[in-house]
Every structure is written in structure tokens, then in C-alpha cells.
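**Q** Before anything else, here's the structure in question.
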Amino acid sequence: MAEENCEILQLDDEEGVLTAIIGKEAPAVEMLKVSPVEDYPAESGCFLRGNHYSPVAAVVLLNAPYGTLPPEVQNAPPEIEKLVRVAIETGAALAGTLQTENIGIEKIVCNVVGNPNIRYLVLCGEEVHGHHSGTAVRALLANGINEKRTIIGSKSGTPYLFNIPLEAIERFREQVSLVDLVGEMDSAVIAKAVQSCYQEEPTPFKDYMLHDPGAYSEAGISCTLTGKVRHPEEIEEWEINDLLKEIEGGGVPVKPPAAVKTESTARPEEVQLEKKGEPGAIDQQKLVAVGKSLAKIAEGLNEIATILIGEAAERVAEPPREERLKGEVWPGAEVKAPPLEEVPQTEAQKMAALYFANQLRGYSGVLAALEACNQDVCHDGCTLPNVVISVIKRISKLQKDLDASSVVESRKQVMIAQIGDFLARAKALPQDVDRPCQKTVGTCKIGSGCFAAGALKMMKLITEPPSPTQ
Amino acid sequence: MVTYFENQLRGYNVVLAALRAFSQDICRNCIGLSGSQTKVIKGLKKLRMDLEGSAISQSDKRQILARIERCAKLAAALDVAEEVECQKTAGNCKIGPGCSCTDGAMGLMKEITEPAPSLATSVATA
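Each protein sequence line maps, in turn, to chains S and Z. For the first sequence, our numbering begins at -4 and goes up steadily by one. For the second sequence, our numbering begins at 18 and goes up steadily by one.
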């Protein structure tokens, strides 16, 4: 007697007795999976895209000290790229890197809330020095943001989320659970974490019990960064209130009609891509969106044109910049870097030349600062002359060392000329140490510090290469 | 009260001189200089706001405001490239881990320790 969803796997006929092995297909698990929003993933970035029905996104922290990576990172370090690839190959919907605690997190939020199927965020990789982006993500999910759009409890310097709707932030917090693997660089562990997230049955992984709970109960949110604050790292605490007033005047995210459907899935990889929605409805939406974008562009162009016209009028009225600067605060601060000729050099010669070039770079700043001090009350004090004498001695010593060095002659001459210029500038500054300290006199009230002494301290920042005379 | 504003302006004057010298070097193309310029411009903007909210006399205010404007003009005139990147990353700056602009020049503002920041803020916003 045949039943539904049954099949005969084996049929034997032994001495007139018919034996059949019948397999019954287990009923498929009903799990809610939905289509992401139309523009998913809405934000570009350093990430790879996998199966969008997968319940997991992986974020690999891109640990690189502040300022050591160019703004547009083209290539992540190979060990980080490997983790991203492993996560995608194991079945993540999205996997990418995160460096900054503000724009970076905002992009992640936008891309995650656009896909309600994503229910886990696997956060891994070494914490980002300086940014502390890992702890910022952890804090965002645990605590959210305060009224100043600052992530509560984050150790980061500027954990501001100014460019995305509050609704998206709240959704992000509700939609995903964190699988906290900060510090983990083992690709096998990351793969195991991703794999555990899409299991139908609760699966233990470290301290977590993971399984795919299906899509979030509401439709995805389509949002992109407003771009109102392009450099949140430059925002000062006192600016936030004014900034928020501007932000509040902005629009709300567009919610496309939700195309929610229930699908039967065993593993994310097995799910077929769905068909697109009604073409007529999409076209209408697109038209409205394009119209809005064009209006914004026109508005922006109009503003740029106004600024350019204003600047052009100012330039006509004003003398050239060089002339304007002359006679202002700092006399004789013009320093030109010595032209570098391509002369064959040994490694020792290169290092020696670099040492003297670095020292001269430092002294150009020191001298300019001392000249500014000389325009101030420091002119009548005793510290400026003391520092000036010290600078003259040091530059003279530099000159002697350069003379005796192996630096190629042509470069040496350029540097000697620069040293001559620096010495002349230094000697033009006060050297009378018998003047009274301006703190004692009562004219300098900055505290125990000293601008002139501070200027000389700038030389301590030059730590490489070692002096060739050492 | 006036001392707070005068001290800050004395500091910015020295900082700007140093930054200007560095701007004629490879720092011109550096995010360090660009960031320092932004910090100075914003610092001066804050100083202006505090000055406006302070209780000092109108004549003193005018005088200080003129100095703030002059510094702001100099800060805006710093020669910074449009496209900047860390010159250590670019392989041009080899002075070590320090940065002449962000640590050196900007660090000069740390020489100012009086009036105490809390007092200065309360004075400025009084």
C-alpha cells in the first residue's frame, strides 16, 4: 500500500515472498524567509555577498592603527581577507571588514536591516586599536544610543551614528544577536560559528546555543547613509546639539512594500533566488526615487554654484594668497624642502641623508613656533632666549655632523644652505637670558607650561633614523 | 575671565605658525595636517561661541573677536592638499611613530593649563 511521500528503496523477491524497503520523506521544516529590500545591500563597502537567505552576517575587525590605511582600503591584510572569505564560503549572507566606530557601523546597520533573514552577527578579528570598533558594536547591541546619537558604553573616541535613521538602529538591535568572537583569528572557529547559526536545531557553539530562527517578523528597512556628517571623527562634543537639529530636519527611510513569503528551507545554500515583483509597481517607485535624487542633485549644484561665484568674486577683490600672508603673524617662516636629486647612494648614505632631512623638517616647525612666540610676551622673557640659544647650538652641531657625514655632496650642499637659513633665523631671535621670566612678572598666565620650551619638545617626535654619529 | 581667551589665542598663534611651516613640507599632503587644521578651526569657532556667551566687556569682546578672526583666517589659509593621506602610509614620512602636526604642533596647546578647564568653561558660559 503506497503512501504519500513514500518511495520504495529496495524490492526483493525471495521464494515467492516479496520484501520491500520503503523510505518515507520527512516533512520539510516551515521556516519564514523573506526577500531583502530591493536595494540590498544598500551600502557599499569592503564586504562579500553570499546567500541572502542565510541568517548570519560576519564582521571581521580590520585592525590597523589610525591613519595607517588610506581612506579607500583596496586590499585588506590577507589574514583578514581569509576570514571574510571563509565566512562567505561557509554560508554567511554578508561578510566584510569593519574599521571605524561610526561610519563603518552605520554601513553595517544599513545592510543588515535591509535583510530580515540576517539574525546573527558574528563579530571576529583583532580589536581595532584606537577605534575600539568591536566594543562599539557590542555596546550598540547591548545598550543602544543616547539622545546625542552616541553609542552608550562604548570606549571609542567618536562612536556617533549621525547618518542613519533611529528606526534602523532600533531594528538592528532587535533583529540580530551577537556572536562575540572579538580577538578570534582562527578561520575554523569562524566557520564553525557561521555554520552553527544556520542549523535548524539548536546547536551549541562556545557559550551560545545557535539555530536559524527564520526571518525577523517585519519587512526589511531600506536606508542609506544620509552623508550629513561625513567626518564624525572631527565632531566635537559641543557641536552635537546643533548637529542633531540639522539631522532631525532630514527624511525618514523608505520602506518598500514587503514581499514576505514563506519558504521551506533546509540549508540556506539550497534556496533558489526568488522572482522579482510586479514590474509596474517597481517602476513607479523607481521614478519617485530618481525624481527625488535629481531634485537633491540640482539643489546641491545650485549651492556649489553660489559658493563658486562668491569665491571668484573674493579672489578678484583680494591680492594673491602669498601676498596676503606676508606681514601677518610670522615673519620669515617660508621653508622650502630641499630638492632631492636622484643620485646613486649607499644604504648608509641614504640613512644619513634621511636623518639630516628629518632633523631639518623638525627645526622648520620649531623655528616658526619660536618666531611666533617672539611676537608675544615671550619676547621679553628668559625662556625664549634660552631655547633660542639651545636651538642655535643644536643646529650648529647638526651642521658639523652633516659636514663630516657620508651624505652625497649635492644633497649635502642643499642641506647646508638650509641650515644656514635656519641659523640666520634663529640668531635673529632674542638671546638675552637676563630678561625676567614672564610668569614671575605676571604677564604669562598659561600655567606651568611654556610655549617656547614646548616648541623645542617637538624635536623629540623625531625618533628615526638614529644619528649617523652615534 | 579675559585671560582664558588670551591664553587660548596665544596658543593658537604658535600652533598655527608651526602648522604653516609643516604645510610647506610633505605634511601638505598629510591627513595629520588636515585634521589639525580642522581642529584649530573648530577650536576657534568654539572660542568665538564661548566669547559671545561670556560676561566680559564689549570692548574686550571686540578686541578678542578680532584676534579670533585673524587666527581663523590664518587657519583657513593653511596650504593643505585636497586629497590627503597619512604620509607614513605613503612612505614619505620616516620620522618615527610621532606626528609633527597632531602631536607636535597641536600638543603646544597642552602647555596651557590655566585657568583650569572647568573654571574656564563656567566663566565662558556665565
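For each residue, glycine too, the CB sits at the ideal point set by N, CA and C. Here the structure is a predicted model, which is why all the values come from computation and not from measurement.
#1: So for K59 of chain Z, helix, strand or coil by DSSP?
#2: Strictly below 7 Å CB to CB, what residues from chain S border E128 of chain Z?
#3: Got a sec: is the Cβ-Cβ distance from I112 of chain Z to anything in chain S below 8 Å?
#4: Can you tell me whether Y358 of chain S is helix, strand or coil according to DSSP?
#5: The alpha helix (DSSP H) spanning P73 of chain S covers which residue range?
#6: Looking at T95 of chain S and S128 of chain S, is the spacing between their C-beta atoms short of 8 Å?
#7: Is the distance from the Cβ of G178 of chain S to the Cβ of E213 of chain S below 8 Å?
#8: With a 10 Å radius around its C-beta and 16 neighbouring C-beta atoms as the bar for buried, classify I16 of chain S as buried or exposed.
#9: At which residue ranges does the stretch 395 to 441 of chain S contain complete alpha helix (DSSP H) runs of 4 or more residues, listed in the order of the chain?
#10: Less than 8 Å between CB atoms is the rule here; does K59 of chain Z satisfy it with respect to chain S?
#11: Alpha carbon to alpha carbon, how far is T464 of chain S from Q344 of chain S?
#12: At least one CB of chain S closer than 8 Å to the CB of L125 of chain Z: is that the case?
#13: In chain order, what residues of the same chain lie with their CB nearer than 7 Å to the CB of F157 of chain S, ignoring the 5 residues before and after it?
#14: If we call anything under 8 Å between Cβ atoms a contact, is T221 of chain S one with E38 of chain S?
#15: Spell out whether any CB of chain S is found under 8 Å from the CB atom of E131 of chain Z.
#16: Taking 7 Å as the limit between beta carbons, can you name the residues of its chain near I48 of chain Z, skipping five residues before and five after?
#17: Would S182 of chain S count as contacting chain Z if we go by Cβ distances under 8 Å?
#18: Under 8 Å between C-beta atoms, does M410 of chain S make it to chain Z?
#19: To the nearest angstrom, how far is the alpha carbon of A421 of chain S from that of N369 of chain S?
#20: Rounded to the nearest angstrom, what separates V55 of chain S and D398 of chain S at their Cα positions?
#21: With burial defined as no fewer than 16 other Cβ atoms inside 10 Å of the residue's Cβ, what is the status of Q5 of chain S: buried or exposed?
#22: What residues in its chain sit with their C-beta under 6 Å from that of P208 of chain S, if we drop five residues either side in the sequence?
#23: Note the first and the last residue of the continuous alpha helix (DSSP H) segment covering D237 of chain S.
#24: Taking its Cβ as the centre, do 16 or more other Cβ atoms sit within 10 Å of P154 of chain S, making it buried, or is it exposed?
#25: Does the beta carbon of R37 of chain Z come closer than 8 Å to any beta carbon on chain B?
#26: Along the chain, where does the alpha helix (DSSP H) that runs through G18 of chain S open and close?
#27: Quick one: residues in its chain with C-beta nearer than 8 Å to the C-beta of Q402 of chain S, no 5 flanking neighbours on either side, listed in chain order?
#28: If we count the other Cβ atoms within 10 Å of its Cβ and call it buried at 16 or more, is K28 of chain S buried or exposed?
#29: Can you tell me whether V51 of chain S is helix, strand or coil according to DSSP?
#30: Just how far apart, CA to CA, sit P425 of chain S and E142 of chain S?
#31: Could you check which residue in S:S443, S:E2, S:L456 and S:C439 has the C-alpha nearest to that of E128 of chain Z?
#32: Using a Cβ-Cβ cut-off of less than 9 Å, list which residues of the stretch 45 to 58 of chain S approach chain Z; keep chain order.
#33: Using the rule of at least 16 other Cβ atoms within 10 Å of the residue's Cβ for burial, across every protein chain shown, is V428 of chain S buried or exposed?
#34: Tell me, please, whether the CB atom of A71 of chain S is closer than 8 Å to any CB atom in chain Z?
#35: Strictly under 8 Å for the Cβ-Cβ distance: is D371 of chain S near chain Z by that measure?
#36: Distance check for S391 of chain S and I73 of chain Z, CA to CA, integer angstroms please.
**A** Working from what's here:
#1: In the structure shown, K59 of chain Z adopts helical secondary structure according to DSSP, grouped into three states.
#2: Simply I441, G444, C445, F446 and G449.
#3: Nearest CB-CB separation between I112 of chain Z and chain S: below the 8 Å threshold.
#4: Helix.
#5: Segment P73 to T85, the alpha helix (DSSP H) holding P73 of chain S.
#6: Yes; because the gap between Cβ atoms is below 8 Å, this pair is in contact.
#7: Between G178 of chain S and E213 of chain S, the CB-CB gap reaches or exceeds 8 Å.
#8: Exposed: under 16 other Cβ atoms inside 10 Å.
#9: Complete alpha helix (DSSP H) runs here, min 4: 404 to 422 and 433 to 436.
#10: Closer than 8 Å to some Cβ of chain S, the Cβ of K59 of chain Z qualifies, so yes.
#11: In this model, T464 of chain S and Q344 of chain S are separated by some 12 Å (Cα to Cα).
#12: So yes, L125 of chain Z belongs to the interface.
#13: Beyond the five residues adjoining it in sequence on each side, F157 of chain S comes within less than 7 Å, by CB distance, of R144, K223, V224, P227, L238 and I242 in the same chain, given in chain order.
#14: In this structure, E38 of chain S does not lie closer than 8 Å to T221 of chain S by Cβ.
#15: True, the Cβ-Cβ gap to chain S drops below 8 Å.
#16: So the list reads V101, E102 and C103, once near-sequence residues are dropped.
#17: False, the Cβ-Cβ gap to chain Z never drops below 8 Å.
#18: Answer no: the Cβ-Cβ gap between M410 of chain S and chain Z never drops below 8 Å.
#19: Note on geometry: alpha-carbon atoms of A421 of chain S and N369 of chain S lie some 11 Å from one another.
#20: Rounded to the nearest whole angstrom, the CA to CA distance from V55 of chain S to D398 of chain S is 52 Å.
#21: Under this definition Q5 of chain S is an exposed residue.
#22: Same-chain partners within the cutoff: R114.
#23: From DSSP, the alpha helix (DSSP H) with D237 of chain S extends over I235 to E243.
#24: By the Cβ-count criterion, P154 of chain S is buried, with 16 or more other Cβ atoms from all chains shown falling within 10 Å of its own Cβ.
#25: Looking at the structure shown, chain B is missing, and the protein chains on hand are S and Z.
#26: First-last for G18 of chain S: V12 to K19, but that is the beta strand (DSSP E), not the alpha helix (DSSP H).
#27: Checking the sequence, you will find Val at residue 402 of chain S rather than Gln. Exclusion of the five residues before and after V402 of chain S leaves Q344, A347, A348, F351 and M410 as the residues of its chain whose Cβ lies within less than 8 Å of its Cβ.
#28: Around the beta carbon of K28 of chain S, a 10 Å sphere encloses 16 or more other beta carbons of the protein chains shown; the residue is thus reported as buried.
#29: Secondary structure of V51 of chain S (DSSP, three-state): strand.
#30: Taking the Cα positions, P425 of chain S is about 53 Å away from E142 of chain S.
#31: If we check each option's Cα against that of E128 of chain Z, S:S443 comes out closest.
#32: Within the stretch 45 to 58 of chain S, no residue has a Cβ that lies closer than 9 Å to any Cβ of chain Z.
#33: Counting the other Cβ atoms within 10 Å of the Cβ of V428 of chain S gives fewer than 16, which makes it exposed.
#34: With 8 Å as the cut-off, A71 of chain S does not count as an interface residue toward chain Z.
#35: Put simply, the CB of D371 of chain S is near chain Z, with a gap under 8 Å to one of its CB atoms.
#36: If I take the Cα positions, the gap works out to 47 Å.
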